[in-house]
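2 protein chains.
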Amino acid sequence: MAVTLTLLKEDARSGARRGRLRTERGVIETPVFMPVGTQATVKAMTPWELERLGVGIVLSNTYHLYLRPGAEVVAAAGGLHRFMGWDGPILTDSGGFQVFSLGDLRKITEEGVEFRSHIDGSRHLFTPERVMEIEAALGADIIMAFDECTAYPAERLQVKEAAERTSRWAERCLAARRNSGRNPAQALFGIVQGGMYPDLRRQSLNDLMSMDFPGYAVGGLSVGEEKSLMYEILDGLVPLMPRDKPRYLMGVGSPDCLVEGVWRGIDMFDCVLPTRVARNGAFYCRDGRRAIRNAQYKEDWRPLDPECDCYACTRFSRAYIRHLFMSGEILGLRLATIHNLRFLTRLMEELRQAIEEDALEEYRRRFFLRWKER
Amino acid sequence: MAVTLTLLKEDARSGARRGRLRTERGVIETPVFMPVGTQATVKAMTPWELERLGVGIVLSNTYHLYLRPGAEVVAAAGGLHRFMGWDGPILTDSGGFQVFSLGDLRKITEEGVEFRSHIDGSRHLFTPERVMEIEAALGADIIMAFDECTAYPAERLQVKEAAERTSRWAERCLAARRNSGRNPAQALFGIVQGGMYPDLRRQSLNDLMSMDFPGYAVGGLSVGEEKSLMYEILDGLVPLMPRDKPRYLMGVGSPDCLVEGVWRGIDMFDCVLPTRVARNGAFYCRDGRRAIRNAQYKEDWRPLDPECDCYACTRFSRAYIRHLFMSGEILGLRLATIHNLRFLTRLMEELRQAIEEDALEEYRRRFFLRWKER
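One line per chain: the protein sequences are H and Y, in this order. Quick note: the first sequence uses the numbering used here, first residue 6, plus one each step. Quick note: the second sequence uses the numbering used here, first residue 6, plus one each step.
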């Protein structure tokens with residue numbers, strides 16, 4: 006098997022687990038947050054900076070790389086790792102969520118999804134088999150099965166059909182990999198769908214478990230529902246997931262959701278949020294998200310987050326970074342990105358330590374005493 | 006005196022000099038290229054990166070910092086060095102060139118220049134006295150006198166009047182600093198004007214030399230004239246400049262002009278070009294400037310410049326950097342900026358070494374055998 010999870014500790018009062026995920030390109034300490042490098046780059050960051058921030062694995066997008074520069078170009082480079090200069094583990098998603106997000110530009114059939122490129126309008130077809138080919142060419146360490154995501158809210162019947170199709174496509178992904186024999190070192194994870202219907206979630210998970218994937222993802226959450234509903238779904242689902250396999254909650258990455266996801270037994274997370282809000286001038290503090298353009302920071306000589314150890318916080322003031330944003334300077338969004346990523350990698354370090362020390366409940370309590378939605 | 010130049014070597018066949026400029030914030034090896042940090046940041050770069058690239062001194066713009074965030078904010082930070090997190094020497098220009106560039110938005114009188122902000126249209130007045138106040142508040146190591154630049158082409162009478170006014174303003178700058186006693190550690194450089202008229206240039210230089218500045222700049226070149234005309238002006242002017250004082254050619258920084266300027270005895274250069282063209286996707290090679298978006302680089306796995314030792318060139322391919330530019334990714338312009346700045350700091354290192362080894366003529370010959378205007 007291409008990845009193996011070793012559980013170092015399980016929390017007695019919650020579902021939380023402290024683990025170690027071994028891949029051919031290094032060991033990932035879990036629970037882990039994975040920054041998103043949509044187009045083979047975590048926006049505004051170098052691989053060297055990511056390493057220094059304590060990033061253990063990055064995610065990249067099959068849909069985007071397929072369209073530009075093309076999987077054949079990445080393959081000609083020797084794969085995604087060499088192409089983007091990142092030696093550590095990489096996970097590629099399957100493009101399922103991206104083509105779902107195209108709305109009117111895509112048409113779903115049993116065969117697959119026909120869609121038009123958001124770049125030039127050209128027509129393309131993603132099938133489970135084709136996606137397995139593309140992901141093999143990109144060469145990530147962990148790859149995702151091609152799935153059908155549903156919106157929120159959605160009718161039960163529609164969600165059921167999407168979840169069942171996702172199971173059939175998962176079978177086809179497995180078969181395609183078996184038949185082609187391509188890149189066997191990659192680990193293929195299945196994706197649980199089923200929207201906000203607990204029984205559909207259970208059915209989807211059971212379908213996938215019968216196929217025995219090396220890891221299981223929860224897709225189709227954080228698509229517009231209340232956070233409390235997402236937590237409810239996780240409460241009903243995660244305890245049923247295989248104990249010895251990694252559990253990955255897709256597209257979730259705000260600090261409070263990371264704490265709640267870890268509490269419920271999730272091992273892996275990804276999200277564009279921390280880097281996207283950074284480019285818009287929002288930075289994380291222990292008491293919530295703040296906007297650097299706010300006039301209150303004009304002569305604030307403190308770091309973005311006085312408790313942070315990142316380059317932005319140890320070297321520059323809020324006043325200076327505000328000036329950079331007000332002036333449209335790239336360094337501003339670089340520093341905010343560095344800080345937000347470090348905020349999350351550090352949060353995960355603390356969560357891991359808290360599990361190890363049997364202190365997760367207390368850590369979570371203290372976290373939410375300070376954290377405010379703003 | 007706040008800066009002192011020690012000449013280590015003078016080239017026998019040209020006017021070139023190898024020197025060492027001592028400031029309170031460190032020693033600058035000359036000839037030197039100074040990257041421009043218009044708004045208190047060399048665009049897209051961190052101070053740490055600049056240091057690693059071998060940058061010895063950066064330039065920043067009085068006009069821009071006065072408008073945003075305001076000199077009082079920079080002063081409250083403890084000066085420009087602390088504000089922008091750069092511990093090395095800084096030079097601020099006087100805003101003369103910027104207000105000149107405003108065209109219809111400014112009106113020049115003997116008193117000074119009335120202008121409207123390019124940001125919000127608000128009215129402002131720069132006089133020599135006011136500019137000295139602002140530059141003292143910013144706190145750079147080297148500051149420039151307030152001057153009047155002329156366009157090219159321009160009538161002799163207009164150029165003469167501007168050069169004469171520049172001399173009178175230079176006197177007022179000196180007097181203002183004497184009277185205020187502000188920030189005496191700063192070195193104030195005078196700026197020679199006189200357009201493309203050799204006798205006006207000589208007159209301007211003589212005026213300034215009678216005031217005994219610790220350094221002399223050549224302004225009003227590279228404003229649209231042929232390079233050969235710029236070189237002619239330098240040929241007539243530089244030999245008359247004080248031997249023991251630094252000579253600074255303002256706004257010039259393309260690789261070929263650096264070689265020709267050094268050959269003629271210039272010690273300091275600045276220019277936005279290497280960083281600006283980088284953001285537009287142009288990168289320097291030994292044989293000239295190239296455009297990374299060119300289709301020929303789509304699967305070119307070589308570095309931007311195979312002879313370069315920078316982070317961009319030792320880690321990434323042209324194909325990858327092209328992909329970043331085609332995809333609008335910030336990392337693309339970061340890597341191109343790193344490379345272009347390293348190209349220039351390395352060129353200056355080589356020029357310094359060539360002077361030391363009596364090999365400048367040969368170095369220059371070889372440089373122009375390869376370099377092509379593209």
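Backbone N, C-alpha and C fix where the C-beta goes; we use that ideal spot for every residue, glycine too.
Check	Outcome
C-alpha distance - E160 (chain H) paired with Y221 (chain H), whole-angstrom precision	25 Å
Contact with chain Y by E334 (chain H), beta-carbon distance below 8 Å	yes
Residues near V104 (chain Y) in its chain [Cβ-Cβ closer than 7 Å; skip 5 each side]	Y68, R111, V118, F120, F131
Opening and closing residue of the alpha helix (DSSP H) in which P260 (chain H) lies	260-268
Test: M331 (chain Y) CB closer than 8 Å to a CB of chain H	yes
Segments assigned alpha helix (DSSP H), at least 4 residues, entirely inside the stretch 312-377 of chain Y	316-320, 323-331, 335-361, 365-375
Identity of the residue in H:R170, H:P244, H:A141, H:R327 nearest D98 (chain H) by Cα	H:A141
Proximal residues of chain Y, C-beta to C-beta of K303 (chain H) below 8 Å	P74, V78
Interface partners of G46 (chain H) on chain Y, CB under 7 Å	A quick correction: the sequence has Thr, not Gly, at residue 46 (chain H). Here the neighbours are L329, E334, L336.
C-alpha gap between A21 (chain H) and L356 (chain H), whole angstroms	9 Å
Chain-ordered neighbours of R320 (chain Y) on chain H, where CB pairs are closer than 7 Å	G90
Contact list for the stretch 94-110 of chain Y against chain H, Cβ threshold 8 Å	none
I95 (chain H), buried or exposed, once every other Cβ within 10 Å from all chains shown has been counted against 16	buried
D275 (chain H) and G256 (chain H) closer than 8 Å at C-beta	yes
Through-space distance from R371 (chain Y) to C290 (chain Y), alpha-carbon basis	14 Å
Whether V264 (chain Y) touches R375 (chain Y) by CB criterion (8 Å)	no
Alpha helix (DSSP H) segment containing C276 (chain H), residue limits	No alpha helix (DSSP H) holds C276 (chain H); the beta strand (DSSP E) holding it covers 273-276.
Cβ distance (whole Å) where K250 (chain H) is taken to contact L10 (chain H) below 8 Å	6 Å
Closer than 8 Å at the beta carbon, the chain H residues around Y325 (chain Y)	A45, A82, F88, M89, G90
Coil, strand or helix - R161 (chain Y) by DSSP	helix
Cross-chain neighbours of M39 (chain H) in chain Y, by beta carbon under 9 Å	Chain Y residues near M39 (chain H): none, gap ~18 Å exceeds 9 Å.
Close beta carbons around L309 (chain Y), own chain, < 7 Å, minus the five adjacent residues each side	F288, A317, C318, R323, I326, H344
Sequence ranges, beta strand (DSSP E) only - wholly within the stretch 29-67 of chain Y, length at least 3	31-35, 37-40, 63-66
Residues near S209 (chain Y) by beta carbon distance below 6 Å, same chain, minus five either side	A168, V197, Q198, G199
Minimum C-alpha distance to F330 (chain H) - residue among H:F321, H:R284, H:D292	H:R284
Beta-carbon separation (whole angstroms), G61 (chain Y) vs G93 (chain Y), contact threshold 8 Å	7 Å
Amino acids of chain H, ordered along the chain, whose beta-carbon sits closer than 8 Å to that of M246 (chain Y)	Chain H residues near M246 (chain Y): none, gap ~35 Å exceeds 8 Å.
Buried/exposed call for V136 (chain Y), threshold 16 Cβ in 10 Å	buried
Rounded straight-line distance, which links the Cα of T342 (chain H) to that of D125 (chain H)	29 Å
Host alpha helix (DSSP H) of R87 (chain Y) (start-end)	85-89
Nearest to L336 (chain Y) (by Cα), restricted to the options H:V32, H:R18, H:L336, H:T46	H:T46
Contact list for A49 (chain Y) against chain H, beta-carbon separation under 7 Å	I335, L336
Any chain H beta carbon closer than 8 Å to W174 (chain Y)	no
Contact with chain Y by W306 (chain H), beta-carbon distance below 8 Å	yes
Selected residue, minimal CA-CA separation from V228 (chain H), among H:R23, H:A156, H:G286, H:L26	H:A156
Range of the contiguous alpha helix (DSSP H) that encloses D212 (chain H)	203-214
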